[in-house]
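Step one of this worksheet: look at the structure below.
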Amino acid sequence: MAQRNVDIAIIGAGIAGLWAFHRFKRMGYDVLLLESDSIGNGQTIASQGIIHSGLKYAFAGKINDLAQNISAMPDLWRTALRGEGDIDLSSARYNAESQHLLIPKGFMGGLVKLVTKQALGNNVHEVPKDEWPQEITDSGFKGSVVFMDEPVLDIPSVIRALAEPFKGSIRKIDTPEDPIGFLERHEIYPQQIIFTSAASNAIQASQAQHNNGLETQKRPLLMGMLKPAPYPLYAHLVGSSDKPVATITTHKAEDGELVWYLGGGVAERAKEAAPQEVYEATRKGFAKYLPDVDLAAVEWAVLPIDRVEGKSKTDGWMPDTPTIHSVGNVHYCWPTKLTFAPLLSDRLLEKIDLEPSGNETDFSFLQPVEYTKTPWDKATWTKDS
Ligand SMILES: Cc1cc2nc3c(=O)[nH]c(=O)nc-3n(C[C@H](O)[C@H](O)[C@H](O)COP(=O)(O)OP(=O)(O)OC[C@H]3O[C@@H](n4cnc5c(N)ncnc54)[C@H](O)[C@@H]3O)c2cc1C
């Protein structure tokens with residue numbers, strides 16, 4: 001078997017691996033991206049696709065590095081979506097160009113506005129009632145509506161835009177428990193190895209005895225889904241705690257039906273919790289704040305999933321930036337948010353200190369790997385409530 005010297009091997013084709021892979025390939029690096037399941041699998045396809053501006057975190061009292069660091073991200077994504085710069089996302093789609101913060105009547109509206117203005121500048125403004133989007137009026141909501149300059153992206157199209165131009169270099173790993181052994185078995189010798197395999201990263205780091213000083217955390221969610229959604233809605237519905245009652249995004253299922261995907265407070269519970277808890281929290285929240293939304297005939301589903309990230313040193317919240325734990329030429333990475341994928345790849349580039357070889361190894365001797373399916377197309381739906 002011919003020995004193959006490549007520049008970089010990346011393990012895990014979620015957003016972190018895909019973004020770095022696409023960028024490095026365009027720069028002329030010889031890169032192999034290995035995936036154990038399907039391209040875009042894991043948290044990436046489960047995400048709501050929100051490119052956060054930091055407003056949600058500012059609202060939660062986190063007027064800190066997180067809100068500041070993340071506020072630079074929407075511009076980077078928009079540049080990529082125009083097909084300009086290091087990444088070409090011109091074939092990816094927006095689900096919505098912006099979204100709204102719904103602050104129910106009597107809920108600290110003035111305070112929120114002050115906080116968000118201080119944290120993030122003027123890209124946030126209250127929408128006068130006669131300019132409210134029709135769907136918000138139709139929901140029966142009463143209170144203040146704040147415009148948020150946060151795009152919501154169609155994640156399957158983002159995944160394809162990143163992967164498709166270089167799909168021949170994305171291959172299946174059949175021994176995910178031993179990526180290094182897989183590379184050795186196929187006589188592939190990368191100069192740099194990047195782990196972007198979420199929860200698997202820490203296992204790999206531990207096996208390689210690279211875990212000194214490494215701390216990670218998992219934060220569980222039980223995401224809700226309902227269909228048919230009456231209309232597209234993209235909103236953080238604020239309540240009395242620091243988490244929104246619900247973060248609602250809208251997605252199209254394969255059968256063309258609209259799905260509301262529900263994160264935020266309604267989803268903040270153990271993965272093992274009864275699905276009923278999510279339905280009930282949603283019904284209760286909607287009855288209180290969006291009373292004209294009729295949930296009588298909808299179907300429901302849930303998705304149990306962990307957010308996996310570096311451990312925040314301070315308060316168990318998510319870290320302020322992506323986490324990279326490097327030992328020599330091996331780098332273990334967690335973006336913290338999908339939104340942070342551009343910043344993660346910037347930081348990786350600083351770390352790897354390697355000139356692109358300009359080579360393009362033919363990896364067709366390895367198995368190809370398919371795109372993943374969305375949670376709503378994989379879900380088991382029920383009418384019971
Ligand atoms: C429900 C939910 C909603 C979210 N919504 C948002 C949002 O709206 N906006 C936002 O900015 N962030 C959001 N996030 C956070 C964001 O999704 C994650 O931070 C991000 O997707 C993590 O990307 P990743 O590539 O590190 O991991 P993942 O997306 O989990 O990808 C890891 C990949 O590695 C593969 N893999 C695992 N083990 C191996 C192995 N041994 N070998 C090879 N491959 C392997 C997996 O199959 C998978 O494809 C959300 C997270 C969740 C859970």
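Quick note on numbering: the numbering used here labels position 144 of the sequence shown as 144, and the sequence is numbered without any gaps.
From the three backbone atoms N, C-alpha and C, an ideal C-beta is built for every residue, glycine too.
As the structure is a prediction and not an experimental result, all values here were calculated from the model.
Own chain, CB closer than 7 Å to residue i, minus 5 neighbours either side, in chain order
{"i": "P356", "result": "D7, M27, G28 and Y29"}
{"i": "E360", "result": "D30"}
{"i": "P74", "result": "I51, S53, D149, E150 and P151"}
{"i": "A287", "result": "none"}
{"i": "A229", "result": "T250, L258, V259 and W260"}
{"i": "T339", "result": "I51, H52, I70 and M73"}
{"i": "P319", "result": "E309, G310, S312 and T336"}
{"i": "S36", "result": "I173 and P176"}
{"i": "K105", "result": "K142 and G143"}
Cutoff 6 Å; reference residue i; Cβ partners in own chain excluding five residues on either side
{"i": "F166", "result": "K25"}
{"i": "W132", "result": "V145"}
{"i": "E126", "result": "S144 and V146"}
{"i": "L233", "result": "E135, I248 and T250"}
{"i": "A281", "result": "V266"}
{"i": "G42", "result": "G14 and A198"}
{"i": "K227", "result": "E257, V259 and E299"}
{"i": "Q204", "result": "F195"}
{"i": "P342", "result": "L76"}
{"i": "D86", "result": "R23"}
{"i": "S90", "result": "G83"}
{"i": "D65", "result": "D320"}
8 Å CB neighbourhood of residue i in its chain, flanking five on each side removed
{"i": "L354", "result": "D7, I8, Y29, Q191 and Q192"}
{"i": "H331", "result": "Q192, I193, I194, F195, I324, H325, L348, K351 and I352"}
{"i": "E277", "result": "L222 and R269"}
{"i": "D294", "result": "P230"}
{"i": "K271", "result": "P220, L221, L222, P304, I305 and D306"}
{"i": "Y94", "result": "L81, P151, V152, L153 and D154"}
{"i": "A202", "result": "N211, L214, T216 and Y332"}
{"i": "L262", "result": "M223, G224, M225, L226, A246, T247, I248, V278 and T282"}
{"i": "H186", "result": "M1, R4, F365 and L366"}
Residue range of the alpha helix (DSSP H) that includes residue i
{"i": "F166", "result": "Element bounds for F166: n/a, residue is neither H nor E."}
{"i": "Q68", "result": "D65 to S71"}
{"i": "H22", "result": "I15 to M27"}
Residue(s) in a DSSP beta bridge with residue i
{"i": "P304", "result": "L222"}
{"i": "E309", "result": "Q217"}
{"i": "L101", "result": "V146 and H236"}
{"i": "Y289", "result": "Partner(s): none; Y289 has no beta bridge."}
{"i": "Y371", "result": "I39"}
{"i": "F195", "result": "I11 and Y332"}
{"i": "T323", "result": "W334"}
{"i": "I50", "result": "V152"}
{"i": "K227", "result": "E299"}
{"i": "A96", "result": "V152"}
Start-to-end residues for the beta strand (DSSP E) that takes in residue i
{"i": "R4", "result": "R4 to I11"}
{"i": "A387", "result": "What the structure shows of the chain is the stretch from 1 to 385, and residue 387 is not part of that stretch, so it cannot be assessed."}
{"i": "A246", "result": "A246 to K252"}
{"i": "E35", "result": "V31 to E35"}
{"i": "S90", "result": "Here S90 belongs to no beta strand (DSSP E), and DSSP marks it neither H nor E."}
Three-state secondary structure (DSSP) of residue i
{"i": "G263", "result": "strand"}
{"i": "F141", "result": "coil"}
{"i": "A80", "result": "helix"}
{"i": "T380", "result": "coil"}
{"i": "I188", "result": "strand"}
{"i": "I155", "result": "helix"}
{"i": "E272", "result": "coil"}
{"i": "Q345", "result": "The identity of residue 345 in the sequence shown is Ser, whereas the question assumes Gln. Note: S345 maps to helix in three-state DSSP."}
{"i": "K243", "result": "coil"}
{"i": "I170", "result": "strand"}
{"i": "E126", "result": "strand"}
{"i": "L258", "result": "strand"}
{"i": "E277", "result": "helix"}
{"i": "A202", "result": "helix"}
{"i": "T361", "result": "coil"}
{"i": "T282", "result": "helix"}
{"i": "D178", "result": "coil"}
{"i": "E455", "result": "The requested residue 455 does not occur in the structure, where the chain is confined to residues 1 to 385."}
{"i": "P133", "result": "coil"}
{"i": "Q207", "result": "helix"}
CB contact below 7 Å: residue i versus chain D
{"i": "E360", "result": "No chain D appears in the structure shown, which is made up of a single protein chain."}
Any non-hydrogen atom of ligand 2 closer than 6 Å to residue i Cβ
{"i": "E35", "result": "Only ligand 1 can be found as ligands here, which leaves ligand 2 out of the picture."}
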